[in-house]
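Asks: Numbering (the working numbering), first residue to last: 628 to 1765.
Note that CB positions come from ideal geometry on N, CA and C, so glycine has one too.
These numbers were taken from a predicted model, which means no experiment stands behind them.
Quick one: the structure is below, and I'll ask about it shortly.
Here it is in structure tokens:
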């Protein structure tokens, strides 16, 4: 198969060099007349658009592939001009290379779909004198890449196919004219090189003779029946070249365009199913001007033309040749060295152009033949001139019988286009003119002049098969010129078998008296009206692998002659696809054998000697043979659930595969380990007793054969005991890799055991547990709880009704202790120094550990007071409740912890803030005193914590209106230090006395002020009056009245002048006692001032907060510590505002 794939791809690509056919007659068509040999120069390029579809070819070759149309552009380049030795003659040749990169997506190949990549190159060697082909090297690199699986890239081929032609293959016989015919005979030799995984080994070198007939059948612009044209804008004057095999069958077509010096369109539809199409897109000549790549070839900048003294001459006669060198404007180029060659005779000479740009030579034409034989000349040879990379060629035609004028009715060039129910076939003198009743004929009757002078116009008479005659004008014909008369004739459907004739008679009135041979002025085209051969055969039936005779030998041809048959036999090619093989049998019978059943069509084409044929279908039905199937086993008795291996032996005599054939075996109910489709089945039974196993064999045609075998299965002990554990929520507890479960103390779980056994024993199983529990049934489920931590062992076994047990199955349970659980301690409100607080902890554990759980308080977790464990696990106070106090201010941590019987411990920590409150100043000071007398100032009732009282400092500012220490603050002077001091007021008046007290926090003092009224020791009546008017107890109304009286008296005195002697009472000598205007500031101490109005002066009660007493406070605590709480809150609020 791989070889087939490779060969098919190589075949389809190698045919790219075969020139094909199209139709002509497009708008703007021009008759090119006579065209001589075109010449190339190194660097000339032609770009062709290529497309080919090998799908039919690939499928007919039996390859599982779908390709579709492959497109790509091919560029042909003249790489060089060189000399080669051909049969001892030095010959100028062109070396050309055609390159293309083809790719095609969506290509299906052997079950995959992907991209096909083709690197294509053809290297050719062609003779300069007539473009005959000497050799061709086809190089192909073909890769197939499935979509998305580049790793499966297949290198189909990287090869070179080299072909040589001996003698050269002349596809062209210059000069070209409409109607000319010629034939070529040569031997082609082919050799393969390179590498390919698909083509192993390479074909051996081959060599074979080829004979081809050529005819120029049309002129004009290439266009096909669908109106499609080439992509190039020119080539309106082209030649259609058609080739025929020896049977007159068309084999290839090509349109040659002199304008672009090469072919313009190639198209073919090969009988093998390959469609190829190449169309010219661009022509890029070198050393040229005015070039438009897709429409205009422009003109060469320098030209070298060859001119002969005569285009046709007799054998072995001398001839003159001129080589003319001009520029693009036609200006002659003198002094150019030119080489002139007549290679057929080995003639070579070098000449130099003169002032007129021409160089001249003379030589004998000789008598050498060429390989393009015709009926009108001896040979034609190209005469070459070359100079500085330029080449010119002119063809000399040799004729052994040169005449002045000879009009010929060209029977050998006559043709008929036969239309048989839409099937068009061209008939010529090679194929014979055989027709059937009902055919429509388009008949071309050519006339040509094989003389060297032009004829005189005359008349041609054409006689139809029924005797009807017409006359038509024949125009003047120059040397070798041809004219075609075209007529139509419909063969009567009732025409009997007969020979008919179409005659055309030239110049019956002898208008050309110098015609050298008037005997060839009349030609008779023979028409044979025959009948289609008759097919005789019968449909047949047979079994696979049975040889049968397909017999159509009774077929015959009514118009006489022999018949032969072509059998197109449909068959299964062994790759699950249908193929067709075409075989020719002269006896019209063939033996054939089908390996697969089905109904097959055999297309039988019966051909007669006239080329007529009849196609008929022969139907053959092939019956399938059922496969042979048997089951074998080495054991007839096994235990239930134990495996038994069964082997199937099967064969299919008519399988497409080699012996024992393709038989698919499946087991409908055996549940084989190897799968459903298998010939070796390892299976078992789940119940005791005799079991029957069935295998079914199916051949490639679907026929089935059933085979059975009986196996006895005996009892087995329970096995595969699966032990699982479930929690109280019926969730599966997963075991660790050591088959160990992890549970907690006092966790309620359920153990489950489930054993496997034969199906008939499952419902009668019983289970025994190592902890004394027995159960019956398919599954055992028992609850269990462990109160002690540690590794526990579980044993269980299953017992069937026959007393067979599974043996103890051991599992392990890791019972994990849970540490005690403690509720986090609540936040503790700050307390004062020496103030007791109480706290209750909450702790719990599993039920089995609660009785032995120990709960404690560690009052000082920074110190390991018991010397055991860590510093924070001391049992300073045991129990859930704690009452405690601290004498010093600070933050104190307490730890509440619980420990179970396994030593597992848990704890919670709280922080207690102990506040240092400033002293609460309480003083005993008399409110009245007498100047000069000693009074006692007593601050001993001041309140503070016991430990702070030792460090309490009390100072007295005895006159808050005077800044005695000069610090700018009047009410913070330490005039007297001491809790209890004595003091004498130096004078009478009202004095504000302040007691200032602080403990270890110097910056947070407390104070209390009191006003003392100090009297003089003794006052007269006048002093009492004055005191009543100006003293602290003076009545403001009285004072205002006296002030008004004084003002009135002053007014009176002012009016009277100053003459009156003043009274001694005008001088007021009563001393003025100045009372302090404001209390001295205590800002330096930052403390709060407390003011009393009596000797004991009980503390003023601080207003409660808006939300009432803080949580955990008593009224007594608020009266004593409320001031500090308010200060802390104000400080916190201030921070929040910031």
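Buried or exposed for residue 771, please, with buried defined as at least 16 other CB atoms from any protein chain shown within 10 angstroms of its CB.
Replies: Buried.
Asks: Classify residue 649: buried if its beta carbon has 16 or more other beta carbons within 10 angstroms, exposed otherwise.
Replies: Bear in mind that a pLDDT of 39 at residue 649, under 50, signals an unreliable position, so the model cannot answer this.
Asks: Just to confirm the assignment, what range does the alpha helix (DSSP H) spanning residue 1222 have?
Replies: From DSSP, residue 1222 is part of no alpha helix (DSSP H); its letter is neither H nor E.
Asks: Helix, strand or coil, according to DSSP, for residue 1700 in the structure here?
Replies: Confidence is the limiting factor: at residue 1700 the pLDDT is only 35, short of 50, which leaves the residue's position unreliable, though a coordinate-based value still follows. Assigned with DSSP and collapsed to three states, residue 1700 falls in coil, not helix or strand.
Asks: Return helix, strand or coil for residue 1391, following the three-state DSSP convention.
Replies: helix
Asks: Check whether the Cβ atoms of residue 755 and residue 1020 lie closer than 9 Å to each other.
Replies: Result yes, Cβ atoms of residue 755 and residue 1020 sit closer than 9 Å.
Asks: Does the segment 1150-1157 come close enough to the segment 1265-1272 to have 3 or more Cβ pairs within less than 8 Å?
Replies: no
Asks: Following the continuous alpha helix (DSSP H) through residue 1474, name the residue where it begins and the one where it ends.
Replies: 1474-1477
Asks: Quick one: residues in its chain with C-beta nearer than 6 Å to the C-beta of residue 1753, no 5 flanking neighbours on either side, listed in chain order?
Replies: none
Asks: Exposed or buried, what is residue 1405 when buried is set at 16 or more other beta-carbons lying within 10 Å of its beta-carbon?
Replies: exposed
Asks: Do residue 1322 and residue 1271 come within 9 Å of each other at the CB atom, strictly closer than that value?
Replies: In this structure, residue 1271 sits away from residue 1322, with a CB-CB distance that is not shorter than 9 Å.
Asks: Quick check on this structure: which residue in 1538, 1593, 1627, 1505 has the alpha carbon closest to the alpha carbon of residue 1574?
Replies: 1627
Asks: Do you know whose CA, among 865, 766, 1624, 1220, lies nearest residue 822's CA?
Replies: That would be 766, whose Cα lies nearest to the Cα of residue 822.
Asks: Comparing C-alpha positions only, which one of 1569, 957, 1513, 1530 sits nearest to residue 1543?
Replies: Taking only the C-alpha atoms, the option nearest residue 1543 is 1513.
Asks: Near residue 1386, what residues of its chain come up, given a Cβ to Cβ distance below 8 Å and the 5 sequence neighbours on each side ignored?
Replies: 1313, 1314
Asks: Quick check on DSSP: helix, strand or coil for residue 1753?
Replies: Three-state DSSP puts residue 1753 in a helix.
Asks: Between the segment 1590-1597 and the segment 1511-1529, can you find at least three pairs of beta-carbon atoms closer than 8 Å?
Replies: no
Asks: Can at least three beta-carbon pairs, one atom from the segment 1462-1482 and one from the segment 1369-1379, be found at a separation below 8 Å?
Replies: yes
Asks: Return the chain-ordered list of same chain residues with a C-beta closer than 6 Å to the C-beta of residue 1192, the five sequence neighbours on each side being excluded.
Replies: 1179, 1212, 1215, 1231, 1233
Asks: By how many angstroms is the C-alpha of residue 1463 removed from the C-alpha of residue 1806?
Replies: In this structure the chain extends from 628 to 1765, so residue 1806 is not present and cannot be described.
Asks: Given that a residue counts as buried once 16 or more other Cβ atoms are within 10 Å of its Cβ, and exposed if not, what is residue 1120?
Replies: exposed
Asks: Check the C-beta distance from residue 1522 over to residue 1499 and give it rounded, since I have them as a contact under 8 Å.
Replies: 5 Å
Asks: Going by other Cβ atoms of all chains shown within 10 Å of its Cβ, with 16 needed for buried, is residue 597 buried or exposed?
Replies: Nothing can be reported for residue 597, as the shown portion of the chain is limited to 628 through 1765.
Asks: With a threshold of 8 Å, are at least 3 pairs of Cβ atoms found where one atom belongs to the segment 1074-1088 and the other to the segment 1030-1038?
Replies: By the Cβ rule, the segment 1074-1088 counts as touching the segment 1030-1038, because three or more pairs are nearer than 8 Å.
Asks: Taking the alpha helix (DSSP H) that residue 1573 belongs to, which residues open and close that run?
Replies: 1573-1576
Asks: If you run the structure through DSSP and keep just helix, strand and coil, what is residue 1688?
Replies: With a pLDDT of only 43 at residue 1688, under the threshold of 50, the placement of this residue in the model should not be trusted; the figure read from the coordinates follows. Residue 1688: coil per DSSP, three-state reduction.
Asks: Report buried or exposed for residue 1365, applying the criterion of at least 16 other Cβ atoms within 10 angstroms of its Cβ.
Replies: Burial call: exposed.
Asks: Suppose contacts are defined by Cβ-Cβ distances below 9 Å. Is residue 697 in contact with residue 730 by that definition?
Replies: yes
Asks: Return the CA-CA distance between residue 1561 and residue 1585, expressed in angstroms with no decimal places.
Replies: Residue 1561 and residue 1585 have their C-alpha atoms spaced approximately 13 Å apart.
Asks: Check this for me: beta carbons of residue 1087 and residue 1100, under 9 Å apart or not?
Replies: yes
Asks: Just the C-alpha distance for residue 763 and residue 746, rounded to the nearest angstrom, thanks.
Replies: 16 Å
Asks: Within 10 angstroms of its Cβ, does residue 944 collect 16 or more other Cβ (buried), or is it exposed?
Replies: Burial check for residue 944: the Cβ neighbour count within 10 Å stays below 16, so the residue is exposed.
Asks: Should the segment 954-962 be called in touch with the segment 700-710, which here means at least 3 C-beta pairs below 8 Å?
Replies: no
Asks: Residues in the same chain with beta-carbon distance under 6 Å from residue 1003, minus the five sequence neighbours each way, listed in chain order, please.
Replies: If we look at residue 1003 and ignore the five residues flanking it on each side, its Cβ neighbours are 1077.
Asks: With a threshold of 8 Å on Cβ separation, who are the neighbours of residue 834 within its own chain once the five nearest residues in sequence on each side are excluded?
Replies: 814, 815, 816, 817
Asks: When the Cα of residue 837 is compared with those of 791, 719, 865, 857, which residue comes out closest?
Replies: 791
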